[in-house]
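Here is the structure we will look at.
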Amino acid sequence: MFHFSLFSIFCYRPEVQHGKYNLEDETVGQQTELEHPEMLSWEIIICCIVSGAHTFGRARCLVFRHRLHNFNNVPGSTDPTIDPTFGDVLKQLCPDGGNGDVLIDLDPTTPDDFDRNYYANLQNNRGLLQTDQALFSTAGANTVAIVNRFASSQTDFFNNFVQSMINLGNLSPLTRSNGEIRRNCRSIN
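Per the working numbering, the sequence shown starts with residue 152, numbered consecutively.
Shown next as structure tokens:
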């Protein structure tokens, strides 16, 4: 169990204040523990908290279809982290070679409610996006504890989500020649 406020790390970790760490080259399972191994790094915490926004919204079949029909480029294989029953439903909605623009709810349980069920779905291997399911299904990932915490406490999720959004909103974006607004989030302009 955590004995600190998850969002407080975001503001007070020295590597955050000095811009020392970059998340680009790291994945959930490979995240490096920083100078306080008893604490999770702020990148993991913020990623796990703000991914809770996927409690509502939809994704196109094109985005996740590879998990259903061609996982790891093996024809006919399905991502083993998908609940088989959920996978069968998704395969009917998003058949191999079908319309990639079909929209599927990110939260199959309560798709139009902002609640903790996104995290409960991850516990049941019902995360639509691979990046979401990895928060719970990556062996040894520290995010499992956060998923479990928020799946059991909607109030805790809400409080941390609100504060994380405030903190992210207070970041100063790079402007002009120091940064860019991407036309496509997947690639640099």
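Heads up, the beta-carbon is just placed ideally off N, CA and C, and yes, glycines get one too.
As assigned by DSSP and simplified to three states, the class of residue i
i, result
"A285", "helix"
"D256", "strand"
"R300", "helix"
"A210", "strand"
"E331", "coil"
"S338", "coil"
Straight-line gap, residue i to residue j (C-alpha atoms, nearest Å)
i, j, result
"R164", "N329", "Legend: pLDDT at R164 = 36, less than 50; position of this residue unreliable, value from coordinates given subsequently. Whole-angstrom Cα-Cα distance: 24 Å."
"R333", "N340", "6 Å"
"N264", "D239", "First, the amino acid is wrong: residue 264 is Asp here, not Asn. One C-alpha to the other measures close to 24 Å."
"R300", "N275", "14 Å"
"D258", "D230", "18 Å"
"G203", "L254", "19 Å"
"C245", "H217", "10 Å"
Outcome for residue i when other beta-carbon atoms lying within 10 angstroms are tallied against a minimum of 16
i, result
"R337", "exposed"
"V313", "exposed"
"Q284", "buried"
Beta-ladder partner(s) of residue i, from DSSP
i, result
"R218", "Looking at the DSSP assignment, R218 forms no beta bridge with any residue, so it has no partner."
Residue-chain proximity (residue i, chain D), Cβ-Cβ < 8 Å
i, result
"L254", "Of the protein chains in the structure, only one exists, and it is not chain D."
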